[in-house]
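> Here my numbering runs 11 ahead of the position in the sequence shown, where the first position is 1.
Built from N, CA and C at the ideal position, the CB exists for glycine as well.
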Amino acid sequence: MALLAFLGLVASALCYLSWNASLKRLGIIKASAYIYAIPVVGVLIATIWLGENLSAQMILGGALVLLGLFLSQK
Numbered sequence: 012m013a014l015l016a017f018l019g020l021v022a023s024a025l026c027y028l029s030w031n032a033s034l035k036r037l038g039i040i041k042a043s044a045y046i047y048a049i050p051v052v053g054v055l056i057a058t059i060w061l062g063e064n065l066s067a068q069m070i071l072g073g074a075l076v077l078l079g080l081f082l083s084q085k
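(1) Under 8 Å by Cβ, that's how I've got residue 71 and residue 48 pegged, so tell me the actual separation to the nearest angstrom.
(2) Can you find the residues in the same chain that come closer than 6 Å, C-beta to C-beta, to residue 40, ignoring five residues on each side of it along the sequence?
(3) CB-CB under 6 Å to residue 37, same chain, minus the five flanking residues each way: which ones, in chain order?
(4) Report the CB separation of residue 2 from residue 52 in whole angstroms; it is logged as a contact under 8 Å.
(5) Taking DSSP as the reference, what is the three-state secondary structure of residue 64?
Right, here's the structure in full:
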């Protein structure tokens with residue numbers, strides 16, 4: 012029950028506050044492009060904290076996402 016409360020209150024509130032701060036700092040156009048970085052961050056966290064294995068497809072996909080973000084911000 013405590014984990015559910017943490018996810019519902021703390022994690023959701025932190026995400027909401029950080030998203031609003033990024034909108035204020037970057038603007039809606041630039042901030043919305045970073046939604047595509049969520050899977051890359053998820054893979055990195057799973058690799059570091061959970062010890063998941065990286066595959067060549069994950070690395071290639073992450074590189075393509077980051078390249079797309081780089082190109083969209085120019």
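Taking the structure as given:
(1) Not confirmed; about 16 Å, so no contact.
(2) none
(3) none
(4) Nothing can be reported for residue 2, as the shown portion of the chain is limited to 12 through 85.
(5) coil
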